[in-house]
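Its first residue numbered 0, the sequence shown is counted upward by one per residue in numbering that gives the first Met the number 0. First up is the structure itself, then whatever we jot down about it.
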Amino acid sequence: MAYLFNVFMLSVLFFSVQLSVANAADTPKPVLTLEQKTDKARVDSQLLEQAQLEKARQASKDAAERADKIKQKSQTNDWATQQKRKAQQQSVERETREQKYLREAKEAATQEHKIPKP
0 MAYLFNVFML SVLFFSVQLS VANAADTPKP VLTLEQKTDK ARVDSQLLEQ
50 AQLEKARQAS KDAAERADKI KQKSQTNDWA TQQKRKAQQQ SVERETREQK
100 YLREAKEAAT QEHKIPKP
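The structure is reproduced here in structure tokens:
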């Protein structure tokens with residue numbers, strides 16, 4: 000008799016659990032008030048804004064890094080440009096020197112040289 004009572008209690012317990020689970024699934028979502036909806040929307044908006052700000056910061060950081068890389072490359076080109084400018088300046092100086100020597104040689108050639116008598 001105790002066995003039948005235990006089986007009966009277990010079956011009642013089992014069916015009550017199933018009934019409560021079924022009722023829980025059938026219950027509609029709680030309806031939010033307008034104030035609750037606005038609070039939820041405000042929180043969602045703040046989270047979205049924070050995410051967008053973080054993305055903007057990251058994009059700004061990436062852009063600054065790219066600008067630094069480009070600046071470093073352009074400085075390398077500036078070095079090459081400076082070297083080229085120096086080479087051109089030296090070439091002009093060399094030509095000026097050559098012209099000076101040629102002018103002096105022409106002047107010397109036009110002068111009369113007296114050869115001392117022995």
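Even for Gly, the Cβ is constructed at its ideal location relative to N, Cα and C. Owing to the predicted nature of the structure, the values given are computational and were not obtained by experimental measurement.
Reduced DSSP secondary structure (H/G/I, E/B, other) of residue i
{"i": "Q81", "result": "helix"}
{"i": "T37", "result": "helix"}
{"i": "V30", "result": "coil"}
{"i": "Q110", "result": "coil"}
{"i": "K116", "result": "coil"}
Straight-line gap, residue i to residue j (C-alpha atoms, nearest Å)
{"i": "T37", "j": "R56", "result": "28 Å"}
{"i": "Q89", "j": "W78", "result": "16 Å"}
{"i": "L46", "j": "P29", "result": "23 Å"}
{"i": "E94", "j": "H112", "result": "28 Å"}
{"i": "L33", "j": "K39", "result": "10 Å"}
{"i": "N5", "j": "V11", "result": "10 Å"}
{"i": "K72", "j": "A58", "result": "21 Å"}
{"i": "Q35", "j": "S44", "result": "14 Å"}
{"i": "A66", "j": "V91", "result": "37 Å"}
{"i": "L101", "j": "P117", "result": "31 Å"}
Nonlocal neighbours in the same chain, by C-beta distance under 6 Å from residue i, ignoring five residues either side
{"i": "Q82", "result": "none"}
8 Å CB neighbourhood of residue i in its chain, flanking five on each side removed
{"i": "Q110", "result": "none"}
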